[in-house]
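Each remark here refers to the structure printed beneath this line.
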Amino acid sequence: MLSLLSSGLLSHPGATRGFGESQCLLRVIGCAKAWAVCNRPKIFLRVQSFLGSKQFCFFTPSIHGTLTHASSAAYSSRNVQNRAKSTSVRRWTGNTLYLAECEAKNLPSYPGPNKMRDCYCTVNLDQEEVFRTKIVEKSLCPFYGEDFYCEIPRSFRHLSFYIFDRDVFRRDSIIGKVAIQKEDLQRYHNRDTWFQLQHVDADSEVQGKVHLELRLSEVITDTGVVCHKLAARIFECQGLPIVNGQCDPYATVTLAGPFRSEAKKTKVKKKTNNPQFDEVFYFEVTRPCSYSKKSHFDFEEEDVDKLEIRVDLWNASNLKFGDEFLGELRIPLHVLRYASSYEAWYFLQPRDNGSKSVKPDDLGSLRLNVVYTEDHVFSSEYYSPLRDLLLKSADVEPVSASAAHILGEVCRDKQEAAIPLVRLLLHYGRVVPFISAIASAEVKRTQDPNTIFRGNSLTSKCIDETMKLAGMHYLHVTLKPTIEEICQSHKSCEIDPVKLKDGENLENNMESLRQYVDRIFSVITKSGVSCPTVMCDIFFSLREAAAKRFQDDLDVRYTAVSSFIFLRFFAPAILSPNLFQLTPHHTDPQTSRTLTLISKTIQTLGSLSKSKSASFKESYMATFYEFFNEQKYADAVKNFLDLISSSGRRDPKSIEQPILLKEGFMIKRAQGRKRFGMKNFKKRWFRLTNHEFTYQKSKGDQPLCNIPIENILAVERLEEESFRMKNMFQVIQPERALYIQANNCVEAKDWIDILTKVSQCNQKRLTVFHPSAYLNGHWLCCRASSDTAIGCTPCTGGLPANIQLDIDGDRETERIYSLFNLYMGKLEKMQEACGSKSVYDGPEQEEYSTFIIDDPQETYKTLKQVIAGVGTLEQEHAQYRRNKFKKTRYGSQEHPIGDKSFQNYIRQQSEISTHSI
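Heads up: the sequence shown runs through residues 1 to 917, numbered per UniProt numbering.
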């Protein structure tokens, strides 16, 4: 659902108020059409392989080893404020964008004897790369089965995909790109679309905006003649692209017409993509020579209409190829027809250089699936009726009549219902009773024990989502050391005789693979004591429901649990460890093959299938599996499953070793711990655990600096003007601040959020900070001279330390409201089905057969409450949009001229609003 939070009465540019910070979520996936939204930086990953289409999500880790239940009393004791307000007040707005990148086809062949290419794809917000896929070697139709899912802490105009061809000896070359304007994303909402790849040239790669003022004035010359002069003032630019790692911008201002072209140039601003020019250029507005005999210079409209001001932005380059074009804007002077001055923000536009066009078919195409939504979150009290209805779902009899179950019934994809639903229930400690209730109901409807929990039901999707949130620490602690060793040893484990390379020995490869499988099997089956409590409680309910339903099948109590913990949790993580941050990069083809064979074997060992060999299509896998036909493997699996599905079996055991939360290369500035020495910038490997924050020269080296978590007083962004560097933040300690530059805006926000979270409980956390650096004897922000001066800006609100509170319950309820509103037609159809079942006891009508309705009267009652709650929230949203429509101005810094999404919104609102434009 696209609901643009932009409204306003169209007026002259220059208004100063806009919407507020927008936030976007990106996700790049394989083939499935599912979408997810989340309110903290996360990576959403999907693994597509022989295992089938399984989706897993790696969320920003918690500092806790297990996830405990929040008390429902904490929710009931919240104070609900009085809602007697004349207008709705929204807390914040977030845009969510989910992109499914599936495959490219018909790429142009390489001009050489091989013809094949080694291609990868990048995801860019405007010109900033935020994600890069693995390299698919030797293919002209590469498939990218990777997901990218994150929250973007800035606005953007275009979402672009670039297909690159890797070159070992030179810079990688761009084959083509797909660029989708933000306002066009809704056109491709939630459907697969083939996009033609377009050529990339410097004149089309633009981003950023310009603040400009034009002023026309009369001037009396020395001879007493009155003429008109135009003053063009460039205040500043924002968000210019960084070209080859640097941006030294300048602008040219040209007054152009049919018979003239006069250009002037600003100074070059070094090392900034947000230059502050504040320069004024004067142009004489005169008549052509044929008018020189006139005694005065009052120009006519048609003369002005032929003139325009053109502003071109350039990056000053020392390369022999000349300066790089950054964008332009053209303003006709007829904007001054009714006023002597004109001030506005403009988006930079690409330049049409008339170059020869190339058929798009020449470059191939890219298949994408796009889902674009927006979350407009009110304050908490507005969601109370709908939230209360959802939270009591586990107590409704039957559970199919509950609001949460109804959400799963009306949504086209069960996962889009499960994601916000599980997060909301986890936040309020109600996820275990709800999953237990729907699992018990599903088991009662299952006829064959071999098919238990095999479908994409609401139960399966809710359990998957819970494991994603609660189990990722457990996954890392269990698998990461062994996976890292496999990647570093680089042993060949190929057991397919057809794929053996020259010099390889089949028996040696089998032995190496067997040792790897044994090690991973051992660490998994011995990890039961570390399994998060919330997962254990869910597995216990699955086990009990399955055993009660199929009392003659002694294995069903195990298979009900193993289908989740092995098939949907461990096996996909082994298959693609980089997608779960078990490895920092994509594994090489040989290691990837080894992990694929291990994953297949672990999956089969965990399934407890009665006919093991029949589980493999390949004869070589069946032969290899003979190593594991001993009873000790089945016994170890059963003991492990017994342990993780036994409620109250033990006290939660804390993990003593530090938990690695995040690591990676960034650039840091010297902290000034030495009295003398240069405070320069160096690239370092940063590592964050739940105990300390460290950095070293490279991964595996001894730390150069250790910062205990208790010494982190605040983590805040650093203004770009401090060092003229983007994506910087500061880790504030008692005596100094560590200044760090991340690789992009997404990574910077990830680090800020997780560092803030792990230090949230520190007793000496600051309430104010300096947003700029201390340089040349004073703070750049407040000009205070003392380096120990109290901060001048309030610290941003951090995340609560408890993992349940890391979820914004109001935002999740807003998403559920959006889903109900989107599928309102199905809610009404379900009401009709309840009425039909109540009065007609014959065969069910075909149009109602898709709904699970066990109690028509109770279900109808819940549906009525849901529709009423959704209707009330929709009225609040409509009122808010009307209020915003009155206030927002086109041409402001938040909505520059050229903002097509805002123009579209104005057009929509003008059709339904009583206010004239």
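C-beta: ideal position from N, C-alpha, C; glycine also.
Residue from the options with nearest C-alpha to residue i
i: histidine 220; options: Leu212, Glu213, Leu214 and Lys229; result: One detail in the question is off: residue 220 reads as isoleucine in this sequence, not histidine. The option with the nearest alpha carbon to isoleucine 220 is Lys229.
i: leucine 159; options: Arg170, Leu368, Glu735 and Leu212; result: Leu368
i: aspartate 165; options: His189, Thr122 and Asp192; result: Thr122
i: tyrosine 125; options: Asn508, Pro241 and Phe195; result: First, the residue type needs correcting, since residue 125 is leucine and not tyrosine in the sequence shown. Measuring from the Cα of leucine 125, the nearest candidate turns out to be Pro241.
i: aspartate 454; options: Val396, Ala394, Met510 and Val561; result: Just to set this straight, residue 454 is arginine in the shown sequence, not aspartate. Nearest option by C-alpha distance: Val561.
i: lysine 134; options: His585, Asp395 and Leu567; result: His585
i: cysteine 227; options: Asn274, Lys177, Glu284 and Lys269; result: Glu284
i: isoleucine 520; options: Lys887, Ile852 and His476; result: His476
i: arginine 330; options: Ser317, Trp314, Arg351 and Ser341; result: Arg351
i: phenylalanine 693; options: Asp278, Arg260, Gly664 and Tyr250; result: Gly664
i: threonine 591; options: Ala401, Asn509 and Lys526; result: Asn509
Beta-carbon separation (whole angstroms), residue i vs residue j, contact threshold 8 Å
i: arginine 815; j: proline 420; result: 4 Å
i: alanine 339; j: valine 280; result: Not really, about 18 Å apart at Cβ, beyond 8 Å.
i: leucine 366; j: leucine 197; result: 6 Å
i: phenylalanine 156; j: glycine 898; result: Not quite, the Cβ-Cβ distance comes to about 14 Å (not below 8 Å), so this is no contact.
i: valine 210; j: valine 335; result: No, valine 210 and valine 335 are not in contact; Cβ-Cβ is about 15 Å, not under 8 Å.
i: proline 532; j: alanine 470; result: 5 Å
i: asparagine 711; j: proline 734; result: 6 Å
i: leucine 608; j: aspartate 555; result: 6 Å
i: serine 512; j: glutamate 504; result: With 8 Å as the limit, serine 512 and glutamate 504 do not qualify as a contact, their Cβ atoms being about 11 Å apart.
i: isoleucine 732; j: phenylalanine 769; result: 6 Å
i: glutamate 213; j: arginine 233; result: 4 Å
i: alanine 394; j: isoleucine 452; result: The pair is not a contact, with the Cβ atoms about 21 Å apart (cut-off 8 Å).
i: asparagine 727; j: alanine 714; result: The pair is not a contact, with the Cβ atoms about 18 Å apart (cut-off 8 Å).
i: aspartate 248; j: lysine 270; result: 5 Å
i: alanine 417; j: cysteine 411; result: 4 Å
i: asparagine 744; j: glutamate 129; result: 7 Å
i: threonine 252; j: tryptophan 314; result: 7 Å
i: cysteine 150; j: valine 746; result: 5 Å
i: threonine 601; j: valine 517; result: 5 Å
According to DSSP, residues forming a beta bridge with residue i
i: glycine 327; result: Leu313
i: arginine 454; result: Beta-bridge pairing links arginine 454 to no other residue.
i: alanine 344; result: Leu212
i: proline 708; result: Glu692
i: valine 285; result: His228
i: serine 173; result: Asp165
i: glycine 257; result: Arg260
i: threonine 793; result: Phe769
i: lysine 682; result: Lys668
i: arginine 233; result: Glu213 and Val280
Where residue i falls, given that 16 or more other Cβ within 10 Å makes a residue buried
i: serine 295; result: Note that serine 295 has pLDDT 36, beneath the 50 cutoff, so the model's placement of it is unreliable and the number below is only indicative. Serine 295 is exposed by the Cβ-count criterion.
i: residue 921; result: Here the chain has residues from 1 to 917 only, and residue 921 is not among them.
i: isoleucine 807; result: buried
i: methionine 116; result: exposed
i: lysine 900; result: exposed
i: valine 225; result: exposed
i: threonine 796; result: exposed
i: proline 481; result: exposed
i: glutamine 631; result: exposed
i: lysine 790; result: The displayed chain sequence assigns isoleucine, not lysine, to residue 790. By the 10 Å Cβ count, isoleucine 790 comes out exposed.
i: threonine 767; result: exposed
i: proline 896; result: buried
i: serine 376; result: Note on residue identity: the sequence assigns histidine, not serine, to residue 376. Classification for histidine 376: buried.
i: histidine 490; result: exposed
i: arginine 568; result: buried
Cβ-heavy atom distance, residue i to the ligand GTP, below 6 Å
i: leucine 641; result: As for the ligand GTP, it is missing from this structure, which has no ligand bound.
Original post:
Taking three-plus beta-carbon pairs below 8 Å as touching, is the segment 536-548 in contact with the segment 420-430?
Top reply: When Cβ pairs closer than 8 Å are counted between the two stretches, the segment 536-548 is seen not to touch the segment 420-430, the count staying below three.
Subject >> Cβ pair count under 8 Å reaching 3, the segment 695-711 against the segment 135-151 >> reply: Verdict: no, contact absent.
Original post:
Is the segment 854-863 touching the segment 442-454, taking contact as three or more C-beta pairs under 8 Å?
Top reply: no
Subject >> Three or more C-beta pairs below 8 Å linking the segment 619-632 and the segment 158-172 >> reply: no
Original post:
Does the segment 568-583 touch the segment 496-513, meaning 3 or more C-beta pairs lie closer than 8 Å?
Top reply: no
Original post:
Any chance the segment 368-388 sits against the segment 183-190, with 3 or more Cβ pairs inside 8 Å?
Top reply: yes
Subject >> Cβ contact check for the segment 459-476 and the segment 876-886: 3 or more pairs under 8 Å >> reply: no
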